[in-house]
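Quick note: the sequence shown uses this note's numbering, first residue 7, plus one each step. Beta carbons are placed, not taken as given, at the ideal position from N, Cα and C, and that holds for glycine. As the structure is a computational prediction, the values presented were derived from the model and not from experiment.
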Amino acid sequence: MSAILGTASSIEKCLFALLAASLPQEVVHVPTDPDARLDELTRAALVLADASNDDWASEGRGAQAQAELARLAAFVGAVEDEAELCARIAPDFESAGLRPVGLGTALEDGVLRVRRRETEPKDAEPLRGPAGFLCAFADLALPFRTRPRVEFKTFRVEEHDGGFDTEAFYSASGASEAGLLQANGVWRCRWKEAGETLFLAGVEVRDYSEIEVLAGRPLLSDERLRGIDAGWLIGIGELRESLDTRLGLPILGHPAGIAVGDVNGDGLEDLYLCQPGGLPNRLLLHGPEHEFVDGSCESGADFLDYSRAALLLDLDSDRDRDLVVSVVDDLLFLANDGRGIFTLRATRSVTQSTSLAAADFDQDGDLDLYACAYFDPYSGDGSGVPMPYHDAENGQPNVLFENRGDFQFSDVTAERGLDVGNRRFSFAASWEDYDRDGDPDLYVANDFGRNVLYRNDSGHFVERAAPAGVEDIASGMGVAWGDFDADGWPDLYVSNMFSAAGNRVVYQRRFQPEAGDAALSSLRRMARGNTLFRNRGGGTFVDVSEEAGVTMARWAWGAAFVDLNADGWLDVVSPNGFLTQARKDDL
């Protein structure tokens, strides 16, 4: 190894060591020039990231299929050269069609129109060969007035003799005759290999729907904060180029919190925004013309330390909104004078709190606070690495603070029964009386393993996630309660991480062959995505995620139930995303 590393710096040595462990020795060469060393490091990292450079043939084939689907996507609505389009369509290509003919209207309310695939006629003749593909491909552009934006995301690879199959999400969006339209589907593709060339031999459309906004404009639009110079609202990538990471700048962009509440008693909701270390937290005051004024400095709450969570709530029963904010490893409790000026009244220790949830759990008339703790596993000496990954119990403990009045808060976590399952890298928590017995219960979403449900029995908690059917072993990052089916019982939506790569790998026969069925099932579940639990009453839930179509929300950080189109039914909004760079080769 020393011969490979040569004179690289200590940081470069660590990176090269990781690379060299997975690459042939001749791939990693360390030049003496510093700039050239970094260029070589980047090149070696790209080699390592290339699926064709390891012995997982399924990943290499999945990458080939994804590239071919991306090539086809560029032709939708703009076929200028049919020969080029069909260059890699197998002579024996076969498909029942790419846009199903039997689309039925599932919803039309004057704002939205939703059409879903119905059963295809059994006697429909399949489309065959390149000519059949051309016919089927032309149908993809039919619902659009202009050329749509088309994307595919391959999430399953199955190898077999003579070729392989893939499954991919299909998404197309653009202008329609009536407004704006998005088409979603799942394609199962059959591929044949001829040397190094890949040919598409068949497509089965397993799911398809079209959602049309009839108003001719998006339901939601980007409304910037009027009156505020939002030049400081930049991405984590740009921040990392301008701020010292030692100030508390998260390497992976773990989310900063936002709190909403009327802090100055004018009847308008104001915003409190947490920021990374080195930037002041912001209090944005909502004006009568819906403009905003930056009142951060005057408020006394413009902390420069790394903050991730905040709540605006009345802690002392004086009818104004006080502030609780997490600052590094402390919670700060601040009293509001009624005009939006805050005074620090108490401090409590919680390790890197990610989120806060308040409720009067003991029914004594004041609000208590639950704080989620999360030791960043990607920093420090590695002691916080979750073990095992899919069911870790070596995180920092969450804390329940009981409000004793006059800004006195006591840690009653163990006393109240919340020390069970309480070291699980928690990202979010939410209170709800799920059993309708009159007191608030608590659900906690954990990043590396099973979630927990604490049932409140007159102020003492009992962990009931497994018996209730809501453990949801996945990458829990958000919790939302809402009665989506309007049966009077609060249902539960948990935000997780959908992973296309995870879905491809964990279903391969060679993946973890020594693991038992239970461990494999847990690992596969972690890649599936979000979960919707329907409350059946009687203290139990049933997982209805697949039939409701709510699993794939990409890398989801949270969710909220909200009636977007005012039809009386709760919809789900799930923010998602993660760090990336402008170019695939920009590491």
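Within 10 angstroms of the Cβ of residue i, are there 16 or more other Cβ atoms? Answer buried if so, exposed if not.
i: T419; result: buried
i: V34; result: At V34, the pLDDT of 48 sits below 50, so the modelled position is not reliable and the matter cannot be decided from this model.
i: I264; result: exposed
i: P392; result: buried
i: P132; result: exposed
i: P136; result: buried
i: E297; result: exposed
i: S28; result: Low confidence applies to S28: its pLDDT is 43, below 50, so where it sits in the model is not reliable, and the reading given next is rough at best. Its Cβ having fewer than 16 others within 10 Å, S28 is exposed.
i: H4; result: For the chain, the structure presents residues 7 to 593; residue 4 sits outside this window and is missing.
i: D453; result: buried
i: A82; result: For clarity, residue 82 is Val in the given sequence; the question names Ala instead. Buried, since its Cβ has 16 or more Cβ neighbours within 10 Å.
i: G506; result: Before going further, note that residue 506 is Ala rather than Gly in the sequence given. A506 is buried by the Cβ-count criterion.
i: T353; result: exposed
i: T203; result: exposed
i: G564; result: buried
i: Q369; result: exposed
i: P282; result: buried
i: V512; result: buried
i: E408; result: buried
Alpha carbon to alpha carbon, how far is residue j from residue i? Give it in angstroms, no decimals.
i: G344; j: Y449; result: 32 Å
i: L277; j: L329; result: 12 Å
i: V333; j: T357; result: 10 Å
i: G574; j: P106; result: 30 Å
i: S177; j: S302; result: 42 Å
i: L206; j: A96; result: 6 Å
i: G169; j: Q70; result: 12 Å
i: G583; j: R442; result: 35 Å
i: A524; j: R530; result: 10 Å
i: R153; j: R230; result: 29 Å
i: G371; j: H396; result: 39 Å
i: L576; j: S501; result: 16 Å
i: V578; j: L274; result: 25 Å
i: M503; j: N190; result: 19 Å
i: S355; j: S305; result: 23 Å
i: S8; j: L226; result: For S8, the pLDDT reaches just 27, beneath the cut-off of 50, and the residue's location in the model is therefore unreliable, although a value from the coordinates is still provided. About 57 Å.
i: V458; j: D493; result: 24 Å
i: A144; j: G208; result: 16 Å
i: E164; j: G138; result: 25 Å
i: V550; j: F517; result: 28 Å
i: L78; j: A316; result: 46 Å
i: T160; j: F490; result: 30 Å
i: R560; j: A174; result: 13 Å
i: R119; j: R194; result: 26 Å
i: A377; j: V211; result: 45 Å
i: S15; j: R252; result: Unreliable positioning characterises S15 in this predicted model, as indicated by a pLDDT of 38, which lies under 50. The coordinate reading is nonetheless provided below. Cα to Cα, the separation comes out at about 20 Å.
i: E65; j: Q72; result: 10 Å
From the options, pick the residue whose C-alpha is nearest to that of residue i; which is it?
i: A63; options: Q514, W575, V468 and G475; result: Q514
i: D272; options: D445, F517 and P294; result: P294
i: L239; options: G444, R288 and S305; result: R288
i: F415; options: V269, V299 and L337; result: L337
i: T111; options: V391, E124, N457 and F504; result: E124
i: D326; options: D489, A352, R223 and D268; result: D268
i: R410; options: P446, D443, M393 and L373; result: L373
i: L140; options: P282, L362, G484 and V85; result: V85
i: N541; options: L146, A474 and R155; result: A474
i: V192; options: R232, G103 and L290; result: G103
i: L406; options: G427, D412, G66 and A364; result: A364
i: W487; options: D493, C92, E477 and Y499; result: Y499
i: R456; options: E218, A480, T160 and E164; result: A480
i: L570; options: V219, V485, D167 and D366; result: V219
i: G427; options: Q402, D417 and S436; result: Q402
i: T360; options: L253, D320, Y312 and D322; result: Y312
i: P224; options: D308, A184 and Y380; result: A184
i: E199; options: S215, A221, A181 and D171; result: D171
i: G465; options: V476, L424, D478 and A435; result: L424
Assuming the contact rule is C-beta atoms closer than 8 Å, residue i and residue j should be a hit. Round their C-beta distance to whole Å, please.
i: P519; j: Y440; result: Contact doesn't hold; Cβ gap of about 40 Å is too wide.
i: P149; j: L186; result: Wrong, their Cβ atoms sit about 11 Å apart, outside the cutoff.
i: F539; j: M483; result: 16 Å between Cβ atoms; not a contact.
i: D445; j: E438; result: That pair is no contact at about 11 Å.
i: D300; j: I234; result: 6 Å
i: N536; j: A566; result: Actually they do not touch by this definition, with Cβ atoms about 13 Å apart.
i: R429; j: E399; result: 5 Å
i: F158; j: L91; result: Rounded, the Cβ-Cβ distance is 15 Å, inconsistent with contact.
i: F547; j: N462; result: About 17 Å separates the two Cβ atoms, so there is no contact after all.
i: R314; j: A379; result: At roughly 11 Å, the Cβ-Cβ gap does not stay under 8 Å, so R314 and A379 are not in contact.
Inset, instruction - Could I get the ranges of all uninterrupted beta strand (DSSP E) runs contained in the segment 330-373, with 3 residues as the minimum, in chain order? - result: 336-342, 348-355 and 359-365
Legend entry - 3 or more residues per run - each beta strand (DSSP E) lying fully within the segment 64-133: 95-101, 109-114 and 118-123
Legend entry - Segments of 4+ residues assigned as alpha helix (DSSP H) that fall wholly inside the segment 489-557: 506-512, 523-534 and 551-554
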